[in-house]
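Numbering-wise, the sequence shown is residues 4 to 160 according to this note's numbering. Read the structure below first, then the notes.
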Amino acid sequence: MRSTIQFAALSLSGLLAGNELATLIGAHPAVRTLPLRTQIEAEQALTDRLGKVMPVYTSATLVAVGAAAADRAGTPAFRLTVTAAAATAAMLAITGLGNIPLNQRTTRYPVDGDAQGWAGIRRPWERLHLARVLLDLAAFGCLATAALNVGREQPAS
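Here's what the structure looks like:
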């Protein structure tokens, strides 16, 4: 196995999971405590900034985890690594099909809009984000478990 590939997959997956968990339990709940207009402005700023950074970050993670799975073919850790790749791919599917359309609505929402309309965008986004975070954490957990078992692996029969 090429340790550089495994290290890249584990590192990117861990950083992604940590970043997404921090937004779930820290950033977005803090923004929700602000007055409505400030919430809207803050979420729009976050959405705009992360919309530029996260596509590269998440795509690089998927590529690295996919490469790690291919690298582990024929080993007991292969299943864990494929599971990590599947979880990462599922997270990206949720992002593309659910979060990105809601992000587009977030950035277009008028800053003087009403609370009900805002909640109609943000609460579904938060539920999807929770699912994404759980998938990110599962992917990282699978990769970490696979990494901890290196050296104890026997070729798969």
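By construction, the Cβ of each residue, glycine as well, lies at the ideal position given by its N, Cα and C atoms.
{"Item": "Give every residue of the same chain whose Cβ lies closer than 8 angstroms to the Cβ of Asp-51, excluding the five residues on either side of it in the sequence, and list them in chain order.", "Value": "Thr-110"}
{"Item": "For the alpha helix (DSSP H) that contains Ala-70, what are its first and last residues?", "Value": "39-74"}
{"Item": "Along the chain, which unbroken stretches of the alpha helix (DSSP H) at least 4 residues long are found entirely within the segment 72-136?", "Value": "80-97, 103-111"}
{"Item": "If you draw a straight line from the alpha carbon of Gly-17 to that of Val-34, how long is it in whole angstroms?", "Value": "24 angstroms"}
{"Item": "Can you list, in chain order, the residues of its chain whose CB lies under 8 angstroms from that of Arg-5, leaving out five sequence neighbours each side?", "Value": "Asp-74"}
{"Item": "Count the C-beta pairs between the segment 109-127 and the segment 64-72 that are closer than 8 angstroms, then say yes if the count reaches three, no if not.", "Value": "no"}
{"Item": "What residue from Ala-147, Arg-108, Cys-145, Leu-140 has the CA that sits closest to Arg-128's CA?", "Value": "The sequence as given places Trp at residue 128; Arg does not occur at that position. That would be Arg-108, whose Cα lies nearest to the Cα of Trp-128."}
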